[in-house]
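K.L.:
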Amino acid sequence: MARVVVDVMLKPEILDPQGQAVQRALPRLGFDGIADVRQGKRFELEVEGPVDEAALARIHEMAETFLANTVIEDFTVKVESTENAGAQS
C-alpha cells in the first residue's frame, strides 16, 4: 500500500477569513512574527496496488472533481510513502 497526499489550498487571490482569524489570534497567544496564515485541507489516501501513472491520473481527477473546488482552490498530489508490498512480517 502507498499513501498519496492531496493538499488543497485557497488560491492566493481568494480571501481566507479562517487564516486571517488565526493570524490575528497568534500574537494574543504569545506567537509573534507570523506575517500571514493560510488554511487548507489535507487528504491522505491509502492506495491499494501500485501508484503508477494511471493511479496518479485517477487521483488527480478525483481531486479536481471532488476534493477541491478548482474555481477558488489549487491542489497538489504527491506520493508520501510506499510500503514494500512483498515484505512479510
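Numbering-wise, the sequence shown is residues 1374 to 1462 according to the numbering used here.
For each residue, glycine too, the CB sits at the ideal point set by N, CA and C.
With three or more C-beta pairs closer than 8 angstroms as the rule, is the region 1402 to 1412 touching the region 1380 to 1393?
P.N.:
As far as the Cβ criterion goes, the region 1380 to 1393 touches the region 1402 to 1412, which means the pair count is three or higher.
K.L.:
Kindly indicate the opening and closing residues of the beta strand (DSSP E) around residue 1413.
P.N.:
Segment 1413 to 1420, the beta strand (DSSP E) holding residue 1413.
K.L.:
Taking Cβ positions, are residue 1379 and residue 1432 nearer each other than 8 angstroms?
P.N.:
Their beta carbons are under 8 angstroms apart, which means residue 1379 touches residue 1432 by this criterion.
K.L.:
Spatial neighbours of residue 1462 within its chain, please: CB distance less than 8 angstroms, with the 5 preceding and 5 following residues excluded, ordered by chain position.
P.N.:
With a pLDDT of only 31 at residue 1462, under 50, the local geometry of the prediction cannot be trusted, and the value read off the model is given with reservation. Cβ within range, chain order: n/a, list empty.
K.L.:
Given residue 1453, which residues of its chain have a CB within under 6 angstroms of its CB, disregarding the five upstream and five downstream residues?
P.N.:
Cβ neighbours of residue 1453 beyond the five flanking positions: 1376 and 1378.
K.L.:
Starting from residue 1446, follow its DSSP beta bridges and name the residues at the other end.
P.N.:
DSSP output for residue 1446 lists 1383 as bridge partner(s).
K.L.:
Between which two residues does the alpha helix (DSSP H) holding residue 1423 run?
P.N.:
Taken as a continuous stretch (DSSP letters only), residue 1423 belongs to no alpha helix (DSSP H), as it is neither H nor E.
K.L.:
Since residue 1450 and residue 1436 should fall inside the 8 angstroms C-beta cutoff, what is the C-beta to C-beta distance between them, to a whole number of angstroms?
P.N.:
Rounded, the Cβ-Cβ distance is 6 angstroms, consistent with contact.
K.L.:
Exposed or buried, residue 1443, counting other C-beta atoms within 10 Å across all chains shown (16 or more means buried)?
P.N.:
Its Cβ having fewer than 16 others within 10 Å, residue 1443 is exposed.
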